[in-house]
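Take a look at the structure set out below.
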Amino acid sequence: MNSWITNWKKIKIKVKQIIKKQPAGQQETDWQNCPQCKKISYFPDLTANSYICECSYHFDCPPKFRLDNLFDSTYEIIEAPDNINPDPLQFEVGEKYKYIDKIKKYRKVTGQKTALLCASGFIQNLRSVVVVFNPKFGAGRFGPAENEHFLKAADYAIREKVDMWIVIYQSSGIDVHTGVTGLAGMPKSIIAMNEIKKARIPTFAIAARAVAGGTFGSSFYMHDFIIIESKYVENLLFSGKRVTANILKSLDQIP
61 MNSWITNWKK
71 IKIKVKQIIK
81 KQPAGQQETD
91 WQNCPQCKKI
101 SYFPDLTANS
111 YICECSYHFD
121 CPPKFRLDNL
131 FDSTYEIIEA
141 PDNINPDPLQ
151 FEVGEKYKYI
161 DKIKKYRKVT
171 GQKTALLCAS
181 GFIQNLRSVV
191 VVFNPKFGAG
201 RFGPAENEHF
211 LKAADYAIRE
221 KVDMWIVIYQ
231 SSGIDVHTGV
241 TGLAGMPKSI
251 IAMNEIKKAR
261 IPTFAIAARA
271 VAGGTFGSSF
281 YMHDFIIIES
291 KYVENLLFSG
301 KRVTANILKS
311 LDQIP
């Protein structure tokens with residue numbers, strides 16, 4: 061006869077198996093496995109604790125959750141520009157897939173046009189613009205569409221003479237599928253940051269998880285204040301060579 065302890069162990073094993081079988085990119089279920097302490101947590105409990113595990117590991121927060129908790133009350137979304145091609149090279153990986161299909165999937169899953177969610181409102185009665193990278197949108201890609209969205213938010217901040225500019229980084233860097241059109245985002249974002257500084261607007265960068273590649277090498281360190289959200293945020297690096305090699309599946313050396 062099984063005891064309740066035996067039954068509980070069976071349930072726990074079953075839950076772990078379900079979590080391990082989940083495909084990458086699938087939306088949250090009722091259970092989350094912490095990569096730090098390995099504890100299985102009930103997702104509504106994590107949400108109530110601001111997506112922080114008991115061991116202090118920070119799970120990825122949805123961008124809207126961040127905006128809802130940052131702003132004093134209501135806020136205005138700064139929409140992405142229209143008619144910006146997110147896949148200008150019409151990139152394909154052999155016969156496996158077209159990249160535009162992945163972008164369409166990201167848009168469907170997140171409800172966003174780009175990997176950025178930008179908004180304006182008041183934080184502690186200070187007029188602010190906040191830009192949040194969404195890691196569920198191509199690991200927080202920074203491609204042509206994101207470049208223009210970033211510039212639009214920066215232009216809004218300068219035009220409206222806001223009191224604070226905040227960027228929450230959860231980004232894998234420049235989207236290598238977009239080639240030079242994606243790399244153009246580095247000088248563009250640098251110019252945008254310089255213009256914000258000329259307007260004498262205090263700027264804040266918050267590393268909420270990995271900050272890699274072009275976003276790490278361009279706008280991140282241009283902010284007046286840099287905040288590391290958690291001690292588990294450790295992937296602050298340039299990853300272009302490795303990522304490009306993985307995308308191309310080539311042994312060629314990338315400069």
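The sequence shown begins at 61 in our numbering and counts up by one. Every residue gets a Cβ at the ideal spot worked out from N, C-alpha and C, and that includes glycine.
Asked, Found
"Using CA atoms only, rank isn't needed, just tell me which of T241, P195, N254 is closest to I228.", "P195"
"Can you give me the Cβ contacts of S290 inside the same chain, cut-off strictly under 6 angstroms, excluding the 5 residues immediately before and after it?", "H118"
"State the start and end residues of the unbroken beta strand (DSSP E) segment that holds F182.", "176 to 183"
"So what does DSSP say about T241, is it helix, strand or coil?", "helix"
"What are the boundary residues of the beta strand (DSSP E) that L106 is part of?", "Premise fails: L106 lies in the alpha helix (DSSP H), 103 to 108, not in any beta strand (DSSP E)."
"So, helix, strand or coil for A199, using DSSP?", "coil"
"Can you tell me whether R364 is buried or exposed? The criterion is at least 16 other CB atoms within 10 Å of its CB, across all chains shown.", "Outside the shown range of the chain, which is 61 to 315, sits residue 364, and nothing can be said about it."
"Does the Cβ of G154 have 16 or more other Cβ atoms within 10 Å, making it buried, or fewer, making it exposed?", "exposed"
"Taking the runs of the alpha helix (DSSP H) that are 4 residues or longer, which of them lie wholly in the stretch 109 to 186?", "123 to 130, 159 to 170"
"Helix, strand or coil: how does DSSP classify S279 here?", "coil"
"Please determine, among F276, R269, A265, C178, the residue with the shortest C-alpha to C-alpha distance to F131.", "C178"
"Could you give the DSSP three-state label for I256: helix, strand or coil?", "helix"
"Do you know how far the Cα of I266 is from the Cα of V192?", "9 angstroms"
"Looking only at its chain, what residues have a beta carbon closer than 8 angstroms to the beta carbon of T134, apart from the 5 residues adjacent to it on each side?", "G181"
"According to the neighbour-count rule (16 or more other Cβ atoms, all chains shown, within 10 Å of its Cβ), is C97 buried or exposed?", "exposed"
"Is the Cβ-Cβ distance between E220 and R187 less than 8 angstroms?", "yes"
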